[in-house]
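Asker:
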Ligand code: NAD
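Residue numbers (this note's numbering): -9 to 457.
This is the structure in structure tokens:
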């Protein structure tokens, strides 16, 4: 059984905060609530480690490959830790860990390209790429390991060192991951810090940090951008989404219902790019509602550790209250729950998988991000109106179009104002693709080579072609 490294003998031991099992609502462990002076020491060490780490790309590749192997070897312990504090079914925890290892391997083998530009003058310019220095990653609680890896794999591959702060709702699996990675990486190349606010704010504004890469909600993203402005650090923000699925009138409801249901309910709906609204042709609306409601009523909800669980609890009490509040508001606005609509009468943060119909388009469950197991299904009569509604929120992360005629579906997908549009599925990402939101869904580009270059700066050398 692996355990996180003991805290490095600080002069004073940090205070600790409780970590809650969302399947019971009870505290089951604690994590260090690190102080500002500890953070300063961590950033200082990350800076010192940077000089060695940036110097040898071949050694970096080897270390990142070793790190991927170490993550896989620790898979059982990481999965148990993740499920306990996050709530997701164990099978999904294993998938998250596999994705973490895959991300490390992908970036281990990716290197920036040096380019030479000649423009007719007797000089040429060579564009080389240099790392930025110590960078900070701040991540949320829905995919603590996978989202951390989406940040540390490209940042470390680029030659930066990193200070990583998980959400206080999910600190333990990330601490364990930090210990696992420490067996493969040089000392202080990646350090996990844990604590409640203002730790994240201090990290975002720390003068020793050259890039802040953040995933989380829109309001916190704004606060992070403001904090980072103090040191003019580069900022990458991956923020919320309110993805629409637009169903076309040639769909076969039976064929797509499972895929559509899981695109909305995977990880208990706590996915930035989950389907959060469905627009169905009026003629098929009742059939779509019925197909989704039937799945919502029969899916096995329970603790992530139970072998037959497909849907776990909501991660934390505040999020459960938010899910309940938007659902109650929708019902007060005239919506009807075709399935669910309430908390489950059992300990822990469980909410019945909910399908809402007759929802007024201005209800917050449509216009805002619910981030939980609740899905409004809205009818449309005219496809242009459906596209307009899909594009009609302040978000622009992803979107999908579902239809049998793929060319027609793609033509509609092309009209969505978002970073990624899918046809007949949703939220599947390739490690090699760019990932970026528009409008309030983000700033900067992650993923693939774009993610690597986002962690580098150009350095240009001009030299005459002759002495
Ligand atoms: P959050 O914004 O509350 O917290 C995110 C992280 O920021 C946590 O680590 C938190 O401790 C930290 N934080 C809080 N206040 C801070 C401050 N003032 N300065 C710096 N850091 C601070 O988000 P959450 O509730 O943990 O996660 C849910 C949100 O994340 C949803 O809106 C979801 O859509 C979004 N999300 C987006 C993506 C994406 O890639 N676009 C992926 C997953 C989740």
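Just so you know, even glycine gets a beta-carbon here, dropped at the ideal spot from N, CA and C.
#1: Mapping the DSSP letters down to three states, classify residue 47 as helix, strand or coil.
#2: Relative to the C-alpha of residue 66, which residue among 54, 295, 148 and 188 is closest?
#3: Would you call residue 128 buried or exposed, if buried means 16 or more other Cβ atoms sit within 10 Å of its Cβ?
#4: Closer than 7 Å to a non-hydrogen atom of the ligand NAD - does that hold for the CB of residue 157?
#5: With a cut-off of 8 Å on the beta carbons, I'd call residue 200 and residue 123 a contact; round off their distance for me.
#6: Taking only the alpha-carbon atoms, compute the straight-line gap between residue 212 and residue 293 and give it to the nearest angstrom.
#7: Quick check: is any heavy atom of the ligand NAD less than 7 Å from the C-beta of residue 359?
#8: Let me know the secondary structure DSSP gives residue -1 once reduced to three states.
#9: Using 10 angstroms around the beta-carbon of residue 257, count the other beta-carbons present and answer buried if the total reaches 16, otherwise exposed.
#10: What are the boundary residues of the alpha helix (DSSP H) that residue 460 is part of?
#11: Could you tell me the alpha carbon to alpha carbon distance between residue 119 and residue 416, rounded to whole angstroms?
#12: Does the distance between the C-beta of residue 10 and the nearest non-hydrogen atom of the ligand NAD fall short of 7 Å?
#13: When the Cα atoms are used, what is the spatial distance from residue 443 to residue 93?
#14: For residue 107, I'd like the list of residues in its chain whose CB is within less than 6 Å of its CB, leaving aside the five on either flank, ordered along the chain.
#15: Is residue 283 closer than 8 Å to residue 328 when the C-beta atoms are compared?
#16: Among 385, 396 and 405, which has the Cα closest to the Cα of residue 376?
#17: Any heavy atom of the ligand NAD closer than 7 Å to the beta-carbon of residue 214?
#18: At 3 residues or longer, and completely inside the region 169 to 253: list those beta strand (DSSP E) runs for me, N to C.
#19: Please determine, among 100, 97, 99 and 71, the residue with the shortest C-alpha to C-alpha distance to residue 87.
#20: Check this for me: beta carbons of residue 75 and residue 143, under 8 Å apart or not?
#21: DSSP beta-bridge partners for residue 269?
#22: Using the three-state DSSP reduction, which class does residue 452 fall into: helix, strand or coil?
#23: Whole angstroms are fine: how far does the CA of residue 455 sit from the CA of residue 167?
#24: Are there three or more Cβ pairs, one per stretch, closer than 8 Å when the region 21 to 33 is compared with the region 128 to 141?
#25: Looking at the unbroken alpha helix (DSSP H) that takes in residue 8, where does it start and where does it end?
#26: Do residue 338 and residue 12 have their beta-carbon atoms positioned less than 8 Å apart in this structure?
#27: Suppose contacts are defined by Cβ-Cβ distances below 8 Å. Is residue 61 in contact with residue 153 by that definition?
#28: Go ahead and label residue 471 buried or exposed: buried means 16 or more other beta carbons lie within 10 angstroms of its beta carbon, across all protein chains shown.
#29: Kindly identify the DSSP beta-bridge partner or partners of residue 425.
#30: Going by the CB atoms, is the gap between residue 433 and residue 226 shorter than 8 Å?
#31: Is the region 209 to 223 close to the region 43 to 55, with three or more CB pairs under 8 Å?
#32: Given 7 Å as the limit, tell me if residue 258 has its C-beta closer than that to any heavy atom belonging to the ligand NAD.
#33: Does the region 259 to 276 come into contact with the region 374 to 394, if we say contact requires no fewer than three beta-carbon pairs (one atom in each stretch) closer than 8 Å?
#34: Hey, residue 355 and residue 368 are a contact pair by Cβ (cut 8 Å); roughly how many whole angstroms apart?
#35: Tell me residue 23's beta-bridge partners as DSSP assigns them.
Answerer: This is what the structure gives:
#1: Looking at residue 47 - three-state DSSP - the assignment turns out to be helix.
#2: The residue with the shortest Cα to Cα distance from residue 66 is 295.
#3: Per the 10 Å Cβ criterion, buried.
#4: True, at least one ligand heavy atom lies under 7 Å from that Cβ.
#5: With 8 Å as the limit, residue 200 and residue 123 qualify as a contact, their Cβ atoms being about 4 Å apart.
#6: Between the alpha carbons of residue 212 and residue 293 lies a gap of roughly 34 Å.
#7: Residue 359 Cβ: within cutoff of the ligand NAD.
#8: With a pLDDT of only 48 at residue -1, under 50, the local geometry of the prediction cannot be trusted, and the value read off the model is given with reservation. Per DSSP, reduced to three states, the secondary structure at residue -1 is coil, with no helix or strand assignment.
#9: Taking all protein chains shown into account, residue 257 has 16 or more neighbouring C-beta atoms within 10 Å of its C-beta and is therefore buried.
#10: Only positions -9 to 457 of the chain appear in this structure, which leaves residue 460 out of reach.
#11: Each residue's Cα considered, the two are about 34 Å apart.
#12: Taking the Cβ of residue 10 as the reference point, every heavy atom of the ligand NAD lies at 7 Å or farther away.
#13: Their backbone Cα atoms lie some 16 Å apart in a straight line.
#14: Non-local C-beta neighbours of residue 107 in its own chain, meaning closer than 6 Å and more than five positions away in sequence, comprise 115, ordered along the chain.
#15: Contact flag set, yes.
#16: With distances taken between Cα atoms, residue 376 lies closest to 405.
#17: Checking every heavy atom of the ligand NAD against the Cβ of residue 214, one is found closer than 7 Å.
#18: Complete beta strand (DSSP E) runs here, min 3: 180 to 182, 201 to 205, 224 to 228 and 233 to 237.
#19: Comparing Cα positions, the closest option is 71.
#20: The answer is no: Cβ separation not under 8 Å.
#21: According to DSSP, which records beta bridges pairwise, residue 269 is partnered with 236 and 368.
#22: Of the three classes helix, strand and coil, the one that applies to residue 452 here is strand, per DSSP.
#23: Rounded to whole angstroms, residue 167 and residue 455 show a C-alpha spacing of 50 Å.
#24: Of all C-beta pairs linking the region 21 to 33 to the region 128 to 141, fewer than three are shorter than 8 Å, placing the two stretches out of contact.
#25: Unbroken run through residue 8 is the beta strand (DSSP E), 5 to 11; no alpha helix (DSSP H).
#26: A contact, by the Cβ cut-off of 8 Å.
#27: No.
#28: Because the chain is modelled from -9 through 457, residue 471 falls outside the range shown and cannot be assessed.
#29: Under DSSP, the beta-bridge partners assigned to residue 425 are 436.
#30: For the pair residue 226 and residue 433, the CB atoms are nearer than the 8 Å cut-off.
#31: The region 209 to 223, when compared against the region 43 to 55, does not touch it at the 8 Å Cβ threshold.
#32: Distance from the C-beta of residue 258 to the nearest heavy atom of the ligand NAD is not below 7 Å.
#33: The region 259 to 276, when compared against the region 374 to 394, does touch it at the 8 Å Cβ threshold.
#34: Residue 355 to residue 368, Cβ: 10 Å. No contact.
#35: DSSP, once it has assigned bridges, lists 5 as partnering residue 23.
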